[in-house]
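Residue numbers (the numbering used here): 119 to 606. Down below is the structure, laid out as C-alpha cells.
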Ligand SMILES: [Zn+2]
C-alpha cells in the first residue's frame, strides 16, 4: 500500500478552465494523476502552471480519463460495519478495502428514506432543494443529475437499481445509456456483467450500482423481516427462523411489543447476515475489476442511503432510524487508483450531498455554485452545518458536537438538542430552561441563525417539481409490503 500521505500537487486543481469542462481529457488525467501520485501517469503540456505530473514514460492505459463506480448498499447501518468498529465480522471485504481507501467516519445521509437520500446523492442537493420528498414529486428538468453531467461530457453511463423508489418516474433514469432494475444481487451481477461487456471501450464510464439485499423483505405473514440467502441467514445465529416462528413482521415493523429478546437477537443476526452477503457480492465484483485492471483508472465510491432502526428506541423496526443517528449515519469510502490516500480517516462530518461535488472536483469540472456540498478531496469548513430533512416531518441540523431536531409545522417549537460527544446515542436531550441564557437556548439559537442564513442562500429551482403521477397499483402494493406508505 504505497502512498498514504495527502497529495502534494493539489495546485493542479486550483486552476480551473473557463468552460464547463477543461479539455482535452489528457489535461484532466494529469491533474488527477498528480493528485493521486499515480506512478503510471505521463506528461501533459496542458497542465496549469506548466507543471507536469511525473517524468515517467506515458502509459496508454493510464492516459484514459478516470471512470467512476458509485455503489449504494441500501440500509447498511454504519455501526454494523467492521471498519467502523462492529464486533461481528459482517464486512471482511469492505474492511480490507477501507484500509486501501479514504474513509469518512461521520458521513450523514440527507434523510432515512431511499427516495430522498438517493435524489440527494444524484443531484448533490438537499431535499428542500431537489423537492423529491413525496412519492408523487419528480425532479425538476433544470436540475442536472450526476449521470446527466457525466453523459454530456462523454461518459458512457450505466445504472442498476433494486427499488421502485429509484424508478424513472422520479427522474433517476435521466442521463443513463443503460438504466435497469434488478431484484437481488445475483440478477444485478448479470446486468452489470452484460453492460460492462457491451459498453464502448473507448469511453470512460460511470456506473451506479444499488443493492437492496440488506433491506427488509416484504413484511408478509410467516416471513422473518430480513431474509438473506443461505448460508448467510445462519452465519451469526443457528436457525434464527426458529426463534421467529409466529412473528408478525408487519406488527414488529410498527411496534416492539411482544418481541422477545431472543427474537430481537434473531432479527439482528439476519440483518447482519444480509450485510455479510452484500459484502461478499461486492467483494467478488471488486476483485474481478481489480484483476481486469479496471480500478487502475477508476474512482470507486461506496456508501449507503440510510441505516436501520433495529428497534433501538423501542418503537419497532420500521422507519430506517428516522432522524436519529442510527438512521442518518452511513458508511462512506472512496478508493483511488493506486490505493492513494489508503487508510486515511476523516473525522469531520460530511454529507451525501458532497459526493457529486467530489466527482466534479476529481474530474476537474467547473464547480457548480448551485450545490451546497463540498468536495471531499478538500477539508470543508470547520463549523459546517450538516442537514437532514424530510421537509413535512422533521429536520436535523448537525454542527459538531451539537445536533438539533426540529419537527415540521405547528410542532416546530418542540426542539430537541443533543450533545453527540457526550450522548452519542441521543438519549438525553438538553432540557429547555426558560430562565436566563441557558445552553439550550444559546446553542439552538446560534445553530438556528446559522441554518437560516445558510439555507436562505441555497439554490432553489425556479420551476415546481413535476408530478410523478400516481404509483401503479403493483408498485403501491410492493412498497406497502416493504413497510412504506403506511401511517408510520
Ligand atoms: Zn433505502
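No residue lacks a Cβ here, since even glycine has one placed at the ideal position from N, Cα and C. Quick caveat, the model's predicted, so the values are computed rather than measured.
Confirm, please, whether the CB-CB distance from residue j to residue i is below 7 Å.
i, j, result
"residue 186", "residue 417", "yes"
"residue 436", "residue 520", "no"
"residue 423", "residue 190", "yes"
"residue 522", "residue 558", "no"
"residue 607", "residue 330", "One cannot answer for residue 607 here, as it falls past the ends of the chain, which runs 119 to 606."
"residue 109", "residue 350", "With the chain covering 119 to 606 only, the question about residue 109 has no answer from this structure."
"residue 463", "residue 295", "no"
"residue 268", "residue 326", "no"
"residue 195", "residue 202", "no"
"residue 230", "residue 438", "yes"
"residue 538", "residue 562", "no"
"residue 227", "residue 448", "yes"
"residue 586", "residue 280", "no"
"residue 310", "residue 354", "no"
"residue 204", "residue 490", "no"
"residue 356", "residue 384", "no"
"residue 597", "residue 282", "yes"
"residue 396", "residue 305", "no"
"residue 583", "residue 249", "yes"
"residue 263", "residue 240", "yes"
Hey, residue i and residue j are a contact pair by Cβ (cut 8 Å); roughly how many whole angstroms apart?
i, j, result
"residue 206", "residue 457", "Going by Cβ atoms, the distance from residue 206 to residue 457 rounds to 26 Å, so no, they are not a contact pair."
"residue 221", "residue 451", "5 Å"
"residue 321", "residue 288", "Rounded, the Cβ-Cβ distance is 26 Å, inconsistent with contact."
"residue 292", "residue 316", "Not really, about 21 Å apart at Cβ, beyond 8 Å."
"residue 405", "residue 425", "Residue 405 to residue 425, Cβ: 27 Å. No contact."
"residue 225", "residue 421", "7 Å"
"residue 542", "residue 504", "Contact flag wrong, Cβ pair sits at about 15 Å."
"residue 347", "residue 388", "Between residue 388 and residue 347 the Cβ distance is about 11 Å, and since that is not below 8 Å, they are no contact."
"residue 184", "residue 480", "7 Å"
"residue 441", "residue 514", "5 Å"
"residue 212", "residue 199", "7 Å"
"residue 622", "residue 246", "The structure shown does not extend to residue 622, since the chain is modelled only from 119 through 606, so no value can be given for it."
Where does residue i sit, in a helix, a strand or coil, going by DSSP?
i, result
"residue 622", "Past the boundaries of the shown model lies residue 622; the chain is included only from 119 to 606, so the question cannot be answered."
"residue 520", "strand"
"residue 353", "coil"
"residue 478", "helix"
"residue 487", "coil"
"residue 592", "helix"
"residue 513", "strand"
"residue 531", "coil"
"residue 269", "helix"
"residue 263", "coil"
"residue 147", "Confidence in residue 147 is poor, its pLDDT being 42 and thus under 50, which makes the residue's placement unreliable; the coordinate value appears in the next sentence. Correct three-state label for residue 147: helix."
"residue 382", "helix"
"residue 424", "coil"
"residue 255", "strand"
"residue 525", "strand"
"residue 334", "coil"
"residue 340", "coil"
"residue 175", "Because the pLDDT at residue 175 is just 42, under 50, the model does not fix this residue reliably, and the point stays unresolved."
"residue 220", "strand"
"residue 154", "Only weak support is given to the placement of residue 154: the predicted model assigns it a pLDDT of 43, under 50, and the value that follows is read from those uncertain coordinates. The answer is helix: DSSP assigns residue 154 an H, G or I state."
"residue 578", "coil"
"residue 442", "coil"
"residue 320", "coil"
"residue 188", "strand"
"residue 328", "strand"
"residue 416", "strand"
Shorter than 6 Å, the distance from the beta carbon of residue i to the closest heavy atom of ligand 1, or not?
i, result
"residue 421", "no"
"residue 227", "no"
"residue 280", "no"
"residue 693", "Limits of the chain in this structure are 119 at one end and 606 at the other, which puts residue 693 out of reach."
"residue 295", "no"
"residue 397", "no"
"residue 106", "A question about residue 106 goes unanswered here, because the residues of the chain that appear run from 119 up to 606."
"residue 342", "no"
"residue 232", "yes"
Could you tell me whether the region 515 to 531 touches the region 472 to 485, using the rule of 3 or more Cβ pairs below 8 Å? Judged by Cβ distances under 8 Å, the region 515 to 531 makes no contact with the region 472 to 485, as fewer than three pairs qualify.
Using 8 Å as the Cβ pair cut-off and three pairs as the minimum, do the region 375 to 384 and the region 407 to 416 touch? Here the region 375 to 384 does not lie against the region 407 to 416, with fewer than 3 beta-carbon pairs under 8 Å apart.
Does the structure place the region 337 to 348 close enough to the region 359 to 366 that three or more beta carbon pairs sit under 8 Å? The answer is yes - the region 337 to 348 touches the region 359 to 366, with three or more Cβ pairs under 8 Å.
Quick test of the definition: if touching needs 3 or more C-beta pairs under 8 Å, does the region 561 to 579 touch the region 231 to 239? Contact check between the region 561 to 579 and the region 231 to 239: fewer than three CB pairs, one atom from each, fall below 8 Å, which does not count as touching.
Taking 8 Å as the cut-off, does the region 428 to 435 touch the region 466 to 481 (at least 3 CB pairs, one atom from each stretch)? Short answer: they don't touch.
When you compare the region 252 to 260 with the region 492 to 499, are there three or more beta-carbon pairs, one atom per stretch, that lie closer than 8 Å? No, the region 252 to 260 is not in contact with the region 492 to 499.
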